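First up is the structure itself, then whatever we jot down about it.
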């Protein structure tokens, strides 16, 4: 490659010239926008299940499994204990009690005559779980592992100006081909992308790296099939404020016989006054690149965002972001979105991210497969640190089941890495999960060889991040339980699921190890956080913090019910324990009344929670026990204004810290209030806990009150305070509550509700948080549970006035007026 180095004056002139062209709307900029086109194919598909029955119209994203009836286990179905990790309580318990099957999709597509002579690609971001794709009844491609995207060149197969039939057959495979609910179908975006045939960028072409929080390097993958030996690439970097901070045009001379190139375009560009990407200020820059012909016209263009930040790992500090210690405080969940199933709606993803941030989380592990690209971009936007994971176990059974794992990982590693490598939120690659127990793993050496093969390929596409796998259990020999297994000795980070208690011992024997609790049990929440050496570990991810479909502990539960948020995203009382740990700088207290004990064993780990609620509506005279979750120094409990005493937060006991238990309280109607206090010196220093200083006083810093409510008298509907976009995919979540005369939710209300929508929007899901409910999610009816239900509306593509009407036999109808823009 020959580069034309420009001095500062020439670069300045080039930058001014570029600005003039942009401002004037010249032919140059018009050609730039006309060469590459991207057309959404999300709308107007027809669908039918198992190639039977009538076709119906659907829009993407679409999960055909979530629409199907629940399938209760037969009387003779028994648990399969041969694979503890698979949690097979009955035939479909792991897959959410939905039957396996094939979804048939078809779309009539008429390409414009103007596309003749262009390169035309059919782009799928993913098809669940495996798939075949046909064009005009001819197979043109497919996927063996639907969590990663792919594209198909359909240039020669299209009939331009005529009707073409695109068909997709999506297969959920057999129940044992996943350990959780996967959903099925066109669950992510579908697009048509066009470029010139002779000069174009590749798929995910840009590779943007930074160093020392000052310098940026950019490379691009492109193909030159022109007769010209030389071409040019124009590159510009835009700041988070959308100001151009760098501009250059580089001449590239093609080597003889070379048609496909990956070129380092710019090395070590220094960014003036860099705005760093951080969890509290996620500032994003943009690279725009254009392939120019010899006459200066634009053949193709691409862009991507990146962040300027540094990530460092080490055994003495765990993780540093931009040079300062950061502890990963997060969760690990599957990709599904509750009542929406696997359909990857950006708004639903963002709702979860914002909820997690509200409760102090800064981290998500994508267990055990890549989430959608929208998810990663939203983590970039909101400052969430991501451990990006590719697989569960490295076997044919657990990676689609269609072909042997050894035949397809070489395609999926590059697609996954190239898609996400520019995202600053991604700080660590994880190649797999809980591998070493499976005797069917390739090479039968605890995964060492397969790890090395995958890592070698991964580092061809990104050398800036470390690589790990999540291990459980962490030992090589279960009989002696002495040493970490072979794979733990190879990974860049030692990621143990649940086995945080081995961090100190393993660290003493192997001082180079850096530890990350890649899954942490919610049942052990508190101890598994406070017992770690926070100063040295990377952090932790609580497993299944949000309830999800699949991995059921047994019918009638349709899925995992051990989270701290229910499947409709309502926080359970234990969510406030998590908040007390994750946001220690914000004093808080929350009352959790213990209703029942609900612990189970799963995958060798105690799961479950004390059955708890946070309402004060019980039978008079009964004895209750409760916990006040707090990060303050002391809590006082008052019942109807009478103090029941004060108790200290046992901060010196990691097993009980932030959890104060109160037993043998006689229930009375009225109000129960918890007041949290911090000890401060007499000059009222704010937020300091100084137990050894004289003249300390208790300062109230937080309160929580629960009270007995009256009879439910009406329904109340509340929508999200967002701008609802008429783009065909944007969602609006509406919470319906039964309230008393004072507007307080009545948790005992269980009435059935019926929903109706007018305007250009439709109901795509209903839920109430009850994981045991036999009601379907894709319908227009739902019972209240804990006095609440949720309706999820999908916008149409025309701005419209929307009215949601909720009816019930026992309440007056309530109408909620909304608008899409």
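Numbering (mature numbering (1 follows the signal peptide of the UniProt record, and there is no 0)), first residue to last: -34 to -1, 1 to 787. Even for Gly, the Cβ is constructed at its ideal location relative to N, Cα and C. No experiment lies behind these values; they were computed from the predicted model shown.
Tell me the DSSP bridge mates of residue i?
i	result
residue 698	759
residue 43	Per DSSP, none; premise fails for residue 43.
residue 597	None, per the DSSP bridge assignment.
residue 271	252
residue 209	According to DSSP, residue 209 bridges with nothing at all.
residue 666	643
residue 87	119 and 159
residue 460	481
residue 767	785
residue 530	Looking at the DSSP assignment, residue 530 forms no beta bridge with any residue, so it has no partner.
residue 201	214 and 255
residue 5	158
residue 558	593
Taking C-beta to C-beta, are residue i and residue j nearer than 8 Å?
i	j	result
residue 182	residue 237	yes
residue 460	residue 430	no
residue 397	residue 369	no
residue 151	residue 69	yes
residue 297	residue 508	yes
residue 42	residue 149	no
residue 512	residue 318	yes
residue 244	residue 83	no
residue 639	residue 691	no
residue 516	residue 95	no
residue 393	residue 453	no
residue 629	residue 579	no
residue 308	residue 153	yes
residue 425	residue 466	no
residue 534	residue 734	yes
residue 449	residue 483	no
residue 108	residue 98	yes
Quick check on this structure: which residue in the options has the alpha carbon closest to the alpha carbon of residue i?
i	options	result
residue 287	206, 253, 178 and 269	178
residue 514	57, 175, 63 and 784	63
residue 135	112, 5 and 126	112
residue 401	414, 389 and 393	414
residue 271	702, 388 and 370	388
residue 327	645, 545, 106 and 242	545
residue 702	632, 634 and 779	779
residue 274	241, 337, 690 and 247	241
residue 759	110, 745, 519 and 670	745
residue 729	687, 743, 336 and 735	743
residue 60	522, 711 and 756	522
residue 194	764, 180 and 218	218
residue 606	115, 635 and 519	635
residue 39	524, 608, 378 and 786	524
residue 787	539, 762, 254 and 56	762
residue 796	526, 354, 37 and 247	Nothing about residue 796 can be read from this structure; the chain reaches only from -34 to 787.
Give every residue of the same chain whose Cβ lies closer than 6 Å to the Cβ of residue i, excluding the five residues on either side of it in the sequence, and list them in chain order.
i	result
residue 173	185
residue 651	Residue confidence is low: residue 651 scores 48 on pLDDT, short of 50, so the model does not pin down where it sits. Its coordinate-derived value is still stated next. Hits under 6 Å: none found.
residue 600	612, 614 and 643
residue 503	284 and 481
residue -2	Because the pLDDT of residue -2 is 39, which lies under 50, any placement of that residue in the model is unreliable, and the question is left without a value.
residue 301	337
residue 712	675, 678, 704, 706 and 753
residue 73	11 and 132
residue 399	334, 358 and 436
residue 469	481
Excluding the five sequence neighbours on either side, which residues of its own chain have a C-beta within less than 8 Å of the C-beta of residue i, listed in chain order?
i	result
residue 824	There is no way to answer for residue 824, as the model of the chain reaches only from -34 to 787.
residue 769	723, 724, 725, 781, 782, 783 and 784
residue 680	704, 705, 777, 778 and 780
residue 266	1, 2, 161, 162, 165, 166, 167, 188, 256 and 257
residue 372	408
residue 456	414, 417 and 418
residue 15	30, 34, 67, 68, 69 and 70
Spatial neighbours of residue i within its chain, please: C-beta separation below 7 Å, excluding the five flanking residues on both sides.
i	result
residue 659	The predicted position of residue 659 is uncertain, since its pLDDT is 48 and thus under 50; no value can be drawn from it.
residue 81	126 and 160
residue 458	432, 433 and 434
residue 617	623
message: So within the stretch 471 to 524, which uninterrupted beta strand (DSSP E) runs reach at least 3 residues, ignoring any that extend past its ends?
response: 481 to 486 and 505 to 509
Complete runs of the beta strand (DSSP E) confined to the stretch 99 to 138 [at least 3 residues]: Complete beta strand (DSSP E) runs here, min 3: 104 to 109, 116 to 119 and 130 to 137.
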